[in-house]
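A.B. asks: Quick note on numbering: the working numbering labels position 115 of the sequence shown as 117, and the sequence is numbered without any gaps.
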Amino acid sequence: MDANSLADLKPVVAVAQLTCTADKKRNFETCISLIKRASKLKAQIVFLPEACDYIGETKQQSMEMAETLDGDVISKYRTVAKEMNMWLSIGGFHQRVSDADSLKVRNTHVIIDNSGSIKATYDKTHLFDLDIKGGVRLCESDYTIPGSSIVEPVLTPAGRVGLCTCYDLRFPEMSLALTQQGAELLTFPSAFTQTTGQAHWEVLLRSRAIETQCYVIAAAQTGKHSDKRSSYGHAMIVDPWGSVVAQCHEGADIAVAEIDLDYLQKIRDGMPVWQHRRHDLYGTINVQTKGRIESEISYRFGQHQIRNSHVFFKSALSYAFVNIKPVLNCFLCSLTLVHVLVSSLRHAKRLADLSQPEVSDLFTAVQTISRVIEKHFSVSSLTVAIQDGPASGQTVEHVHVHILPRKPGDFPENDDIYKELQKHDEDMSVTSLRSEEEMLKEAESLREYFS
Ligand code: AMP
Numbered sequence: 003m004d005a006n007s008l009a010d011l012k013p014v015v016a017v018a019q020l021t022c023t024a025d026k027k028r029n030f031e032t033c034i035s036l037i038k039r040a041s042k043l044k045a046q047i048v049f050l051p052e053a054c055d056y057i058g059e060t061k062q063q064s065m066e067m068a069e070t071l072d073g074d075v076i077s078k079y080r081t082v083a084k085e086m087n088m089w090l091s092i093g094g095f096h097q098r099v100s101d102a103d104s105l106k107v108r109n110t111h112v113i114i115d116n117s118g119s120i121k122a123t124y125d126k127t128h129l130f131d132l133d134i135k136g137g138v139r140l141c142e143s144d145y146t147i148p149g150s151s152i153v154e155p156v157l158t159p160a161g162r163v164g165l166c167t168c169y170d171l172r173f174p175e176m177s178l179a180l181t182q183q184g185a186e187l188l189t190f191p192s193a194f195t196q197t198t199g200q201a202h203w204e205v206l207l208r209s210r211a212i213e214t215q216c217y218v219i220a221a222a223q224t225g226k227h228s229d230k231r232s233s234y235g236h237a238m239i240v241d242p243w244g245s246v247v248a249q250c251h252e253g254a255d256i257a258v259a260e261i262d263l264d265y266l267q268k269i270r271d272g273m274p275v276w277q278h279r280r281h282d283l284y285g286t287i288n289v290q291t292k293g294r295i296e297s298e299i300s301y302r303f304g305q306h307q308i309r310n311s312h313v314f315f316k317s318a319l320s321y322a323f324v325n326i327k328p329v330l331n332c333f334l335c336s337l338t339l340v341h342v343l344v345s346s347l348r349h350a351k352r353l354a355d356l357s358q359p360e361v362s363d364l365f366t367a368v369q370t371i372s373r374v375i376e377k378h379f380s381v382s383s384l385t386v387a388i389q390d391g392p393a394s395g396q397t398v399e400h401v402h403v404h405i406l407p408r409k410p411g412d413f414p415e416n417d418d419i420y421k422e423l424q425k426h427d428e429d430m431s432v433t434s435l436r437s438e439e440e441m442l443k444e445a446e447s448l449r450e451y452f453s
């Protein structure tokens, strides 16, 4: 295979479907056989459903079988991920919690990378409490502690994955919040009941995909788990246009699909719904995300990934980071000239592609950071600039604002800074870039102003 065809290869993901029971060992073995099949089909990530550890026959049994994050089940999956060089989404396991209320668990979704490390965990936030008068009563909150935050999308080989679980599917706000945070794929590992599944499952999945313009990956429990409980199944993958691109057959199965982020971008560019939102009519979504393991977080900046350690400021919709190749060519270089960038969390190419709350958040961030830069460098002037579009000199196709402190005489002619801005990033060869150490130090010193 030549280099060009290799570059054309898209990541493949697999979605799994099975019937879990109270037999943990058998459930695990079925999952492993599905993971092996997915591996043969070249999948890089396998998504397993909610409760893929077990589905107990009684509440009591479910509580007793629960494990901690470092227990047997997750440890075994970590080993499998490493041995098979695959990422795994353990859509939901019963996590034993050691607080006073020992009769409850958390419904935890775990992302494991191909080295066997846990990249993120998300505790299901919306609990399924159904209490129909004279009919079904199924109250998840009787035995589950709800999660208290959304988790920032996780960078995987297939793109940024937003973590949800089952019933979360009915709350579009959560999907929109994750998309606003940069998600390109949304996962809904589930155990939908027969009745609700038949009526709503596919409609809800396709709706979330269409309105967020994300891939939706929904692993599912299927069939009869016990005399009291059965699930709808129909695990599927939906593309950002809303088409079902893969679906499992009856029984234990996997289905695979390629993830094409260029196609996703084409859909977002062609129908820019984020830009068209009327927040003046219905307000905005205020995202309450929990940071994941600090060192694992990274942010998209056009074609680049910005590491959390280079970021010194974050608001609901924007973030600021230190420049890898600052404009330095000034007269007064006794002053270590800083050159920071403020960008939107969501990937948007041009200023006009931002929604009104994003614009407002970005410029509020610019204002806040400007004050800090002035203080930190004891200056009373700044150059605040946006290169918006390729003809203006924009090299990174992701809206960003340059902030640079200014002193009298720092450039022979005041506006020479624009020439430098134009030139400074022409050569981005590794040897021309700043050292990691220097960037970390600068980010750390600026971060202190916001802590
Ligand atoms: P523009 O030419 O307006 O698109 O500006 C792009 C800016 O991004 C330049 O100042 C670059 O030095 C900066 N830049 C590019 N890649 C990175 C990176 N990985 N981390 C930090 N800054 C970057």
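Glycine residues also receive a C-beta, built at the ideal position from the N, C-alpha and C atoms. Computed from a predicted structure; not experimentally measured.
Please state if the CB of THR167 and the CB of PRO191 are separated by a distance shorter than 8 Å.
C.D. replies: As a working mapping, residue 191 is identified with position 189 in the sequence shown. As a working mapping, residue 167 is identified with position 165 in the sequence shown. For PRO191 and THR167, yes; Cβs fall inside 8 Å.
A.B. asks: Spatial neighbours of GLU52 within its chain, please: CB distance less than 6 Å, with the 5 preceding and 5 following residues excluded, ordered by chain position.
C.D. replies: The residue you call residue 52 lines up with position 50 of the sequence shown. If we look at GLU52 and ignore the five residues flanking it on each side, its Cβ neighbours are GLY93, GLY94, THR167, CYS168, PRO191, SER192, ALA193.
A.B. asks: Based on Cα-Cα distance, which residue from ASP417, GLU360, ALA354 lies nearest to LEU384?
C.D. replies: Here residue 384 is taken as the residue at index 382 of the sequence shown, counted from 1. Of the candidates ASP417, GLU360, ALA354, the residue whose Cα lies closest to the Cα of LEU384 is ASP417.
A.B. asks: Have a look at the DSSP bridge pairing and note the partners of ARG408.
C.D. replies: As a working note, residue 408 is residue 406 in the sequence shown. Beta-bridge pairing links ARG408 to SER383.
A.B. asks: Can you tell me the Cα-Cα spacing of ASP55 and VAL75, whole angstroms?
C.D. replies: Counting from one through the sequence shown, the residue named residue 55 turns up at place 53. Counting from one through the sequence shown, the residue named residue 75 turns up at place 73. Cα to Cα, the separation comes out at about 7 Å.
A.B. asks: With DSSP as the reference, label GLN358 as helix, strand or coil.
C.D. replies: What you label residue 358 is simply residue 356 of the sequence shown in a count that begins at 1. The answer is helix: DSSP assigns GLN358 an H, G or I state.
A.B. asks: Given GLU360, which residues of its chain have a CB within under 6 Å of its CB, disregarding the five upstream and five downstream residues?
C.D. replies: If you number the sequence shown from 1, residue 360 lands on position 358. Excluding residues within five positions, the ones whose Cβ falls inside 6 Å are LEU319, SER346.
A.B. asks: Rounded to whole angstroms, what's the CA-CA distance from HIS349 to THR146? Just pull it up for me.
C.D. replies: As a first step, residue 349 is located in the sequence shown; it is residue number 347 there, counting from the start. As a first step, residue 146 is located in the sequence shown; it is residue number 144 there, counting from the start. Going from the Cα of HIS349 to the Cα of THR146 covers about 35 Å.
A.B. asks: For HIS426, tell me which candidate among ASN325, GLN46, LYS38, ASP72 has the shortest Cα-Cα distance.
C.D. replies: Counting from one through the sequence shown, the residue named residue 426 turns up at place 424. Ranked by how close their Cα comes to the Cα of HIS426, the residues ASN325, GLN46, LYS38, ASP72 have ASN325 in first place.
A.B. asks: Listed in chain order, which residues are found with a beta carbon closer than 5 Å to a heavy atom of ligand 1?
C.D. replies: HIS306, ASN325, ILE326, LYS327, GLN389, GLN396, THR397, VAL398, ASP427
A.B. asks: Just to confirm before moving on: does the CB-CB distance between LEU406 and HIS341 stay below 8 Å?
C.D. replies: As a working note, residue 406 is residue 404 in the sequence shown. As a working note, residue 341 is residue 339 in the sequence shown. Yes, these two residues count as a Cβ contact at 8 Å.
A.B. asks: Between which two residues does the alpha helix (DSSP H) harbouring LYS316 extend?
C.D. replies: As a position in the sequence shown, residue 316 is number 314, starting the count at 1. Premise fails: LYS316 lies in the beta strand (DSSP E), 313–316, not in any alpha helix (DSSP H).
A.B. asks: Can you tell me where the alpha helix (DSSP H) holding GLN182 begins and where it ends?
C.D. replies: Your numbering for residue 182 matches position 180 in the sequence shown. For GLN182, the uninterrupted alpha helix (DSSP H) segment begins and ends at 174–182.
A.B. asks: Specify the secondary structure class of HIS400 as computed by DSSP and reduced to three states.
C.D. replies: In the sequence shown, the residue the question calls residue 400 occupies position 398. DSSP places HIS400 in coil when its eight states are reduced to three.
A.B. asks: Out of ILE152, ARG449, LEU356, state which residue places its alpha-carbon closest to the alpha-carbon of VAL374.
C.D. replies: By one-based count along the sequence shown, residue 374 stands at place 372. Ranked by Cα distance from VAL374, the options ILE152, ARG449, LEU356 are led by ARG449.
A.B. asks: What is the residue span of the alpha helix (DSSP H) that ARG28 lies within?
C.D. replies: Position 26 of the sequence shown, counted from the start, is the residue given in the question as residue 28. Taken as a continuous stretch (DSSP letters only), the alpha helix (DSSP H) holding ARG28 covers 26–42.
A.B. asks: List the DSSP bridge partners of GLY225.
C.D. replies: Counting from 1 along the sequence shown, the entry for residue 225 is found at position 223. Bridge partners of GLY225: SER233.
A.B. asks: In the DSSP assignment, what are the bridge partners of TYR284?
C.D. replies: Within the sequence shown, the letter at position 282 stands for residue 284. The partner list for TYR284 (beta bridge, DSSP) is empty, contrary to what the question assumes.
A.B. asks: Please state whether the Cβ-Cβ distance between SER233 and ALA222 is less than 8 Å.
C.D. replies: As a position in the sequence shown, residue 233 is number 231, starting the count at 1. As a position in the sequence shown, residue 222 is number 220, starting the count at 1. Yes. Within cutoff.
A.B. asks: Can you look up MET430 in the DSSP assignment and give me helix, strand or coil?
C.D. replies: Residue 430 sits at position 428 when you count from the first residue of the sequence shown. It is coil, neither helix nor strand.
A.B. asks: Got a sec? Which residues, its chain only, sit under 7 Å from LYS268 by beta carbon, not counting five neighbours each side?
C.D. replies: For the purposes of this step, residue 268 is taken as residue 266 along the sequence shown, with counting starting at 1. Closer than 7 Å at the Cβ level, and outside the excluded window around LYS268, lies no residue.
A.B. asks: I believe GLY58 touches ALA16 by the beta-carbon criterion, under 8 Å. Please report the beta-carbon distance rounded to the nearest angstrom.
C.D. replies: Along the sequence shown, one-based indexing puts residue 58 at 56. Along the sequence shown, one-based indexing puts residue 16 at 14. Their Cβ separation, rounded to whole angstroms, is 27 Å, which puts GLY58 and ALA16 out of contact at 8 Å.
A.B. asks: According to the neighbour-count rule (16 or more other Cβ atoms, all chains shown, within 10 Å of its Cβ), is HIS1 buried or exposed?
C.D. replies: Because residue 1 is not part of the residues shown, which for the chain are 3 to 453, the question remains open.
A.B. asks: State buried or exposed for MET430, treating a residue as buried only when at least 16 other CB atoms are found within 10 Å of its CB.
C.D. replies: As a working note, residue 430 is residue 428 in the sequence shown. It counts as exposed.
A.B. asks: Expressed to the nearest angstrom, what Euclidean distance is found between the alpha-carbon atoms of PHE315 and THR397?
C.D. replies: Taking the sequence shown and counting its residues from 1, the one referred to as residue 315 is at position 313. Taking the sequence shown and counting its residues from 1, the one referred to as residue 397 is at position 395. When rounded, the distance between both Cα atoms is 23 Å.
A.B. asks: Does GLN369 pass the burial test, meaning 16 or more other C-beta atoms within 10 Å, or should it be called exposed?
C.D. replies: Start at 1 with the first residue of the sequence shown, and residue 369 comes out as number 367. Its Cβ having fewer than 16 others within 10 Å, GLN369 is exposed.
A.B. asks: Report the option in PHE413, ILE37, LYS409 whose CA atom is closest to the CA atom of THR81.
C.D. replies: On the sequence shown, position 79 is the one that residue 81 refers to. When only C-alpha atoms are compared, the closest one is ILE37.
A.B. asks: So ALA122 and GLN97 are supposed to be a Cβ contact under 8 Å. How far apart are they, rounded?
C.D. replies: Locating residue 122 in the sequence shown gives position 120, counting from the first residue. Locating residue 97 in the sequence shown gives position 95, counting from the first residue. Not really, about 14 Å apart at Cβ, beyond 8 Å.
A.B. asks: Where does PHE365 fall in DSSP's three states?
C.D. replies: Working through the sequence shown from its first residue, we reach residue 365 at position 363. Three-state DSSP puts PHE365 in a helix.
A.B. asks: Using beta-carbon positions only, say whether ALA211 and VAL205 come within less than 8 Å of one another.
C.D. replies: Sequence index remark: in the sequence shown, residue 211 carries index 209 (1-based). Sequence index remark: in the sequence shown, residue 205 carries index 203 (1-based). No.
A.B. asks: Report the option in THR195, LEU178, VAL240, VAL247 whose CA atom is closest to the CA atom of GLU213.
C.D. replies: Taking the first residue of the sequence shown as position 1, residue 213 is located at position 211. Of the candidates THR195, LEU178, VAL240, VAL247, the one whose C-alpha sits nearest the C-alpha of GLU213 is LEU178.
A.B. asks: If you follow the alpha helix (DSSP H) that LYS443 is in, where does it begin and where does it stop?
C.D. replies: For the purposes of this step, residue 443 is identified with residue 441 of the sequence shown, where counting begins at 1. Its alpha helix (DSSP H) spans residues 438–449.
A.B. asks: So, at 7 Å on beta carbons, what are the nonlocal neighbours of GLU142 in its own chain, with the 5 sequence-adjacent residues on each side left out?
C.D. replies: Indexing the sequence shown from 1 puts residue 142 at position 140. The answer, listed in chain order, is LEU129, PHE130, ASP131.
A.B. asks: Cβ of ILE261 versus every heavy atom of ligand 2: is any distance shorter than 7 Å?
C.D. replies: Although ligand 2 was asked about, the structure shown includes only ligand 1 as ligands.
A.B. asks: Please state the DSSP three-state secondary structure of HIS278.
C.D. replies: As a working note, residue 278 is residue 276 in the sequence shown. Reduced to three states, the DSSP call for HIS278 is helix.
A.B. asks: Pick helix, strand or coil for ARG348, following the three-state DSSP scheme.
C.D. replies: The count along the sequence shown starts at 1 and reaches residue 348 at position 346. Note: ARG348 maps to coil in three-state DSSP.
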